[in-house]
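Chemist:
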Amino acid sequence: MKKEDLARSFKVWIPRIIAFGAIFIFMAIMEQSFFSTSNFIEIIRSVSVYGVMSCGMLFVVLIGGLDLSMGAMAGLCASIMFVIAQNGANSLSATLLGFVVALAVALAVGWLHGFFITTLKIPFFVVTLATKYILYGAIPLVTAGKYVYVRGGSPIDKIGTSRIFDTIPILVVYFVIIALVTWFILNKTVFGRRIYAIGGNPTAAGFVGIKVFKNTNIAYMLCTTAACIGGVILAANNQQAGTTTGNAYEGMVLMAMIVGGINLAGGQGTVSGVVFGALIIGLIQNLVTFMSWGDYLKLVQGAIILIVVIVSVVTHTRSMRGKGRKGRKLLAKVKAEAQDE
Amino acid sequence: MSKEKNVIKISETDASEPRKTEGELLRCENIDKLFSGVQVLFSADFSMNYGEVHALMGENGAGKSTLIKIVTGVYHKDGGQLFIDGEPVEVDSPIDARALGIAVIYQELSLIPDLTVMENIYLGQELTKGGMRQKKRMRGRTLDLIKKYDLNLNPDAPVEVLSMADRQMVEVLKALSQDAKLVIMDEPTSSLSASEAEHLFKTIEGLKSKGVGIIYVTHRLEEVYRIADRLTVMRNGEVVGTLTKEEINPKTVTTMMIGREIKTERQGRAPRNEEMKLEVSGLSYGDLLKDVNFTAYGGEILGIGGLVGSGRTELVHCIYGIKKPKTGKITLNGKPVSRSVIKNINDGFGLVPEDRRQEGFNPIQTIEKNICIASYDVLAKVLGLVGAKKERIWAETAMEDYDIRPRDRNFFVENMSGGNQQKVVLARWLARKPRVLILDEPTVGVDVGVRAELYRFMRESAAKGSIIIMVSSDLFELVQISDRILVIHDGKFFEEFEGDKATQQSILLASSGEHTEEGVAL
Chain A
17 MKKEDLARSF
27 KVWIPRIIAF
37 GAIFIFMAIM
47 EQSFFSTSNF
57 IEIIRSVSVY
67 GVMSCGMLFV
77 VLIGGLDLSM
87 GAMAGLCASI
97 MFVIAQNGAN
107 SLSATLLGFV
117 VALAVALAVG
127 WLHGFFITTL
137 KIPFFVVTLA
147 TKYILYGAIP
157 LVTAGKYVYV
167 RGGSPIDKIG
177 TSRIFDTIPI
187 LVVYFVIIAL
197 VTWFILNKTV
207 FGRRIYAIGG
217 NPTAAGFVGI
227 KVFKNTNIAY
237 MLCTTAACIG
247 GVILAANNQQ
257 AGTTTGNAYE
267 GMVLMAMIVG
277 GINLAGGQGT
287 VSGVVFGALI
297 IGLIQNLVTF
307 MSWGDYLKLV
317 QGAIILIVVI
327 VSVVTHTRSM
337 RGKGRKGRKL
347 LAKVKAEAQD
357 E
Chain B
149 MSKEKNVIKI
159 SETDASEPRK
169 TEGELLRCEN
179 IDKLFSGVQV
189 LFSADFSMNY
199 GEVHALMGEN
209 GAGKSTLIKI
219 VTGVYHKDGG
229 QLFIDGEPVE
239 VDSPIDARAL
249 GIAVIYQELS
259 LIPDLTVMEN
269 IYLGQELTKG
279 GMRQKKRMRG
289 RTLDLIKKYD
299 LNLNPDAPVE
309 VLSMADRQMV
319 EVLKALSQDA
329 KLVIMDEPTS
339 SLSASEAEHL
349 FKTIEGLKSK
359 GVGIIYVTHR
369 LEEVYRIADR
379 LTVMRNGEVV
389 GTLTKEEINP
399 KTVTTMMIGR
409 EIKTERQGRA
419 PRNEEMKLEV
429 SGLSYGDLLK
439 DVNFTAYGGE
449 ILGIGGLVGS
459 GRTELVHCIY
469 GIKKPKTGKI
479 TLNGKPVSRS
489 VIKNINDGFG
499 LVPEDRRQEG
509 FNPIQTIEKN
519 ICIASYDVLA
529 KVLGLVGAKK
539 ERIWAETAME
549 DYDIRPRDRN
559 FFVENMSGGN
569 QQKVVLARWL
579 ARKPRVLILD
589 EPTVGVDVGV
599 RAELYRFMRE
609 SAAKGSIIIM
619 VSSDLFELVQ
629 ISDRILVIHD
639 GKFFEEFEGD
649 KATQQSILLA
659 SSGEHTEEGV
669 AL
């Protein structure tokens, strides 16, 4: 049994490692300065922020939803924390207070998302798209229309720019912690089992006594919590918060989901997939920045992501429909079992 | 085939050509049909006249739908001949059928809710002039049609505001606008309330007086009395016979539907455990259930019979807690049963739902997760933390005990056969040693071998003292497996049968509201 599990994870990870390696080698060939410390730090930085936010999004996608307001939520939370910290002369207590207030706002918005979507039965798309604009519009109200900066040496600066062994950005530590916590929740708790059950078939979940509304609410709250943490570490790393903080990050997070093999219809997806997705998206972004394609940056980025998505979707559907090697094996297995009976 | 034939004409309020309203409309002679080598229709004969309502009855799988689908061109017949107005015709596609004046009103309506009555009627066949819709002309003709058949419809009302009965009326009108002379209705009242059904019957009578022929497929004997001129009964792919209005009586009809009853040896029942009892009193739900009273005991399999839509499913949902009854008391061993599903599950309840795919399992999860999902009160006792090893052992034991194949706990349930999927749903509860296990249509889409196993598991569970309640439309299964059968009719339990006395015919009669000798009136 153990051996089988190992084989299973190999099957998942080997294509991932190959894909990652391919992009990595491509970049190394194209650009000498790819192998510089400053560039690695840059990659780790963006991967970490995407990764933290993707972990939150994972809960929502697993129950069959989506949160389009993640980027705006991140920006607002960062702005709230920065303003409160600044008004408290950047003292440790003011910084902590700022974080607590930001988190409270995030949780409240998450709860509202859940409420609108479950109780009032408004499509998640409409709800989170609306809150996206509301939250985005609230940022200038908090910051009085300016960017809020922090000085070096303040607690926020330490949160965002500290280094481990003077090289590795501390952001990666947050990412690792959040990913581990998410993994633990999804794989080791009853709540995690319920999330997967709801995403796979909400009606059937109701029939085994799972409180679908309550668990959906919690998933949306976990998502906004991750948005809050992601926004804070991003802004702290940039040493500034304002309207552009986290802007449009939900799109990249969504791409990370797809690349990571998370089923957007809900019910299927792993934390390892999210980690891989964030890595690939981070790398692609770095690649495009490096290539100094300037005006074509977004275009190329979009095209590359589209290719990756098509490849992952097509291979998955093929195997589900009984085509390809994996699919044929599955079909044969089912048929053999049917004959046994 | 010429193209002309496929053009559907809209009648110009048909004043020009008087339509035939008498004589034979449709005749089917010796119709055969095979599905991948298996014969499902055996030389079926059927005929009907203009201005006649001809009812078609039979158990599930008797061949009613197959015959209808051959007449409407959905299936191709493998033998025999169709005649319309005495002329031999070939119906190769639904388009041919429409051109011949045959229209079907399906159970799921095909109307677009946002469009008006008139727009729906002319959908896909709009009257145009130079590419523009001629709204006035279409409206005028719709009004003419409504007047002609004496219907109470507003041509400008959007369909979504109409009642179910009115929507069916629009479907009928749509058929008539295409000059239909034969309208086939497949269980039209299954989604209608009593008053709406009455409304529909009035319309049917109106159509009949205008010479339209109607084939009326139904399960309900009362409706046959109410509107049918003749009744044809089918069984196992054969036409058993056709009765005239005077000949129709419940005994004859049910005998024809069931044929000779085969009674195989019953499995011995376990002694009833009076200590364990589920009592339901005065339960009502919506308009469906009025006053339901019964007691189920440990050790016995209690069968619940009745027609589809009679409220059987709603009753068990109320007991389980997933639906809230309007009134009534439900107690288990004197203790009131909670209205919360999860509390009931932890208290030993389990439900195998009617629609396995929609309500039963999570297709994109493994067998293990599907079995364990209802048992985390046992598998995750401390702080909601799941023990992976406990889970694995739990699932593997259940798979072994209930012979679930493939014997691979990581196999996805969506890739399994129907019978094994049902075993997974059942094992989920049996692994918990339930006190009350409710099964709603447990063997639909399950092959014979697995079926016998499911019955054995139910019997074993009852022998251990559980209360087993089985809702079923399969009369053979109901009579064969149950120790006691309660038949629901008109929102109440109508008759009670002891398992060894019940016959399929008596159950069917009781479902239609006829008292029988075998049963005890309640």
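Protein chains in written order, with the working numbering: chain A, 17 to 357; chain B, 149 to 670. Glycine residues also receive a C-beta, built at the ideal position from the N, C-alpha and C atoms.
Can you list, in chain order, the residues of its chain with a C-beta nearer than 6 Å to that of A:Val63? Leave out the 5 residues immediately preceding and following it.
Modeler: Within the first sequence, residue 63 of chain A is the residue found at index 47, counting from 1. Once the five neighbours on either side are set aside, the close Cβ partners of A:Val63 are Ala294, Leu295, Gly298.
Chemist: Given a limit of 7 Å on CB to CB distance, which residues of the region 184-205 of chain A reach chain B?
Modeler: Lys204, Thr205
Chemist: Enumerate in chain order the residues of its own chain whose CB-to-CB distance from B:Lys322 is below 6 Å, with the five nearest sequence positions on each side excluded.
Modeler: Against the second sequence, residue 322 of chain B aligns to sequence position 174. Within the same chain, B:Lys322 has close Cβ partners Ile269.
Chemist: Could you tell me if B:Glu643 is buried or exposed, where buried requires 16 or more neighbouring beta carbons within 10 angstroms of its beta carbon?
Modeler: The count along the second sequence starts at 1 and reaches residue 643 of chain B at position 495. By the neighbour-count rule (16 or more Cβ atoms within 10 Å), B:Glu643 is buried.
Chemist: Three-state secondary structure (DSSP) at B:Glu544?
Modeler: Taking the first residue of the second sequence as 1, we reach residue 544 of chain B at position 396. If DSSP states are grouped into helix, strand and coil, B:Glu544 belongs with the helices.
Chemist: How far does the beta strand (DSSP E) with B:Leu623 in it extend, from its first residue to its last?
Modeler: Locating residue 623 of chain B in the second sequence gives position 475, where the first residue counts as 1. Element bounds for B:Leu623: not the beta strand (DSSP E) but the alpha helix (DSSP H), 623-629.
Chemist: Can B:Glu589 and B:Glu502 be called in contact, C-beta distance under 7 Å?
Modeler: One-based indexing of the second sequence puts residue 589 of chain B at position 441. One-based indexing of the second sequence puts residue 502 of chain B at position 354. In contact: B:Glu589 and B:Glu502 (Cβ atoms closer than 7 Å).
Chemist: Buried or exposed for B:Glu423, going by 16 or more other Cβ atoms inside 10 Å?
Modeler: Reading the second sequence from its first residue, position 275 is the one you call residue 423 of chain B. Using a 10 angstroms sphere on the CB of B:Glu423, the tally of other CB atoms stays under 16, which defines it as exposed.
Chemist: Against chain A, does B:Lys569 count as a neighbour if the rule is that its beta carbon must be under 7 Å from one of theirs?
Modeler: For the purposes of this step, residue 569 of chain B is taken as residue 421 along the second sequence, with counting starting at 1. What sits at residue 569 of chain B in the sequence shown is Gln, not Lys. It does not: the Cβ of B:Gln569 has no partner Cβ on chain A nearer than 7 Å.
Chemist: Thinking just about the alpha-carbon of each residue, which of B:Glu507, B:Glu427, B:Phe497 is nearest to the one in B:Thr479?
Modeler: Translated into positions along the second sequence, residue 479 of chain B becomes position 331. Cα-wise, what sits closest to B:Thr479 is B:Glu427.
Chemist: With 16 as the cutoff for other CB atoms within 10 Å, does B:Ile470 come out buried or exposed?
Modeler: As a position in the second sequence, residue 470 of chain B is number 322, starting the count at 1. Classification for B:Ile470: buried.
Chemist: Is there a Cβ from chain B that is less than 7 Å from the Cβ of A:Val76?
Modeler: Start at 1 with the first residue of the first sequence, and residue 76 of chain A comes out as number 60. Answer no: the Cβ-Cβ gap between A:Val76 and chain B never drops below 7 Å.
Chemist: A:Cys244 and A:Leu119: beta carbons closer than 7 Å?
Modeler: Residue numbering aside, residue 244 of chain A sits at position 228 when the first sequence is read from its first letter. Residue numbering aside, residue 119 of chain A sits at position 103 when the first sequence is read from its first letter. Yes; because the gap between Cβ atoms is below 7 Å, this pair is in contact.
Chemist: Less than 7 Å between CB atoms is the rule here; does B:Ala575 satisfy it with respect to chain A?
Modeler: Within the second sequence, the letter at position 427 stands for residue 575 of chain B. Chain A contact via Cβ: absent.
Chemist: Quick one: grab the DSSP three-state call for A:Thr259.
Modeler: On the first sequence, position 243 is the one that residue 259 of chain A refers to. Correct three-state label for A:Thr259: coil.
Chemist: Within the same chain, show all residues whose beta-carbon is closer than 8 Å to that of B:Lys425, passing over the 5 residues directly before and after it, in chain order.
Modeler: Against the second sequence, residue 425 of chain B aligns to sequence position 277. When the five nearest sequence neighbours on each side are left out, the beta carbons in the same chain lying within less than 8 Å of the beta carbon of B:Lys425 are those of Thr443, Ala444, Tyr445, Gly446, Leu480, Asn481, Ile615, in order along the chain.
Chemist: B:Pro582 versus chain A: which residues are under 7 Å apart at the beta carbon?
Modeler: Walking along the second sequence from the start, residue 582 of chain B turns up at place 434. Residues of chain A passing the Cβ test: none, with the nearest at roughly 13 Å.
Chemist: Might you give, ordered along the chain, the residues of its own chain that have their beta carbon closer than 7 Å to the beta carbon of B:Val298, omitting 5 neighbours on each side?
Modeler: For the purposes of this step, residue 298 of chain B is taken as residue 150 along the second sequence, with counting starting at 1. Here residue 298 of chain B turns out to be Asp, not Val, going by the sequence shown. Excluding sequence neighbours, B:Asp298 sits near Gly354.
Chemist: Buried or exposed for A:Thr198, going by 16 or more other Cβ atoms inside 10 Å?
Modeler: Here residue 198 of chain A corresponds to residue number 182 of the first sequence, with the count starting at 1. Per the 10 Å Cβ criterion, buried.
Chemist: Counting only beta-carbon separations shorter than 7 Å, does B:Phe641 have a partner in chain A?
Modeler: Position 493 of the second sequence, counted from the first residue, corresponds to residue 641 of chain B. For B:Phe641, the answer is no, since every Cβ of chain A falls outside 7 Å of its Cβ.
Chemist: Taking 7 Å as the threshold (beta carbon to beta carbon), is A:Ser335 in contact with chain B?
Modeler: For the purposes of this step, residue 335 of chain A is taken as residue 319 along the first sequence, with counting starting at 1. Any answer about A:Ser335 is weak, because its pLDDT of 48 lies below 50 and its placement is not dependable; what the coordinates show is given next. It does not; no Cβ of chain B falls within 7 Å.
Chemist: Tell me which residues of the region 518-551 of chain B have at least one Cβ-Cβ distance to chain A shorter than 7 Å, keeping chain order.
Modeler: Ile521, Ala522, Tyr524, Ala528, Gly532, Leu533, Val534
Chemist: CB-CB under 7 Å to B:Leu436, same chain, minus the five flanking residues each way: which ones, in chain order?
Modeler: For the purposes of this step, residue 436 of chain B is taken as residue 288 along the second sequence, with counting starting at 1. Correct list, in chain order: Gly459, Glu462, Gly639.
Chemist: Tell me whether B:Asn302 sits in a helix, a strand or coil according to DSSP, three-state version.
Modeler: Along the second sequence, one-based indexing puts residue 302 of chain B at 154. Note: B:Asn302 maps to coil in three-state DSSP.
Chemist: If you check the beta carbons only, do B:Gly359 and B:Met196 fall under 7 Å apart?
Modeler: Within the second sequence, residue 359 of chain B is the residue found at index 211, counting from 1. Within the second sequence, residue 196 of chain B is the residue found at index 48, counting from 1. No.
Chemist: Using DSSP's beta-bridge definition, name the partner residues of B:Lys477.
Modeler: If you number the second sequence from 1, residue 477 of chain B lands on position 329. Looking at the DSSP output, B:Lys477 bridges to B:Ser429.
Chemist: Below 8 Å on the Cβ atoms is my guess for A:Phe292 versus A:Gly276; work out the distance and round it to an integer in Å.
Modeler: For the purposes of this step, residue 292 of chain A is taken as the residue at position 276 of the first sequence. For the purposes of this step, residue 276 of chain A is taken as the residue at position 260 of the first sequence. The Cβ separation is near 5 Å, so the contact holds.
Chemist: Spatial neighbours of B:Glu539 within its chain, please: CB distance less than 6 Å, with the 5 preceding and 5 following residues excluded, ordered by chain position.
Modeler: Within the second sequence, residue 539 of chain B is the residue found at index 391, counting from 1. Excluding residues within five positions, the ones whose Cβ falls inside 6 Å are Cys520, Leu527.
Chemist: Please report whether the beta-carbon of B:Glu507 lies at a distance below 7 Å from any beta-carbon of chain A.
Modeler: Within the second sequence, numbered from 1, the residue matching residue 507 of chain B stands at position 359. Yes, B:Glu507 counts as interfacial toward chain A.
Chemist: Can you tell me which of the three DSSP states B:Gln570 falls into?
Modeler: Along the second sequence, read from residue 1 onward, the residue named residue 570 of chain B stands at position 422. Helix.
Chemist: Within 7 Å of any Cβ in chain A, is that where the Cβ of B:Pro484 sits?
Modeler: Within the second sequence, numbered from 1, the residue matching residue 484 of chain B stands at position 336. Contact with chain A is absent for B:Pro484, since none of that chain's Cβ atoms lies less than 7 Å from the residue's Cβ.
Chemist: Can you tell which of B:Met333, B:Ile617, B:Phe624, B:Lys581 has the C-alpha that lies nearest to the C-alpha of B:Ala600?
Modeler: As a working note, residue 600 of chain B is residue 452 in the second sequence. Here the closest residue by C-alpha is B:Phe624.
Chemist: Determine whether the Cβ of B:Ile493 lies closer than 7 Å to any Cβ atom of chain A.
Modeler: Position 345 of the second sequence, counted from the start, is the residue given in the question as residue 493 of chain B. Output row for B:Ile493: interface = yes.
Chemist: Between the alpha carbons of A:Ala122 and A:Thr144, how many angstroms are there, rounded?
Modeler: Taking the first sequence and counting its residues from 1, the one referred to as residue 122 of chain A is at position 106. Taking the first sequence and counting its residues from 1, the one referred to as residue 144 of chain A is at position 128. Using only the alpha carbons, I get a separation of about 13 Å.
Chemist: Can you tell me which residues form a DSSP beta bridge with B:Thr380?
Modeler: Your numbering for residue 380 of chain B matches position 232 in the second sequence. Per DSSP, B:Leu204, B:Thr390.
Chemist: Using a beta-carbon distance cut-off of less than 8 Å, what residues from the region 329-359 of chain B approach chain A?
Modeler: For the region 329-359 of chain B, which is checked against every Cβ of chain A, not one residue is closer than 8 Å.
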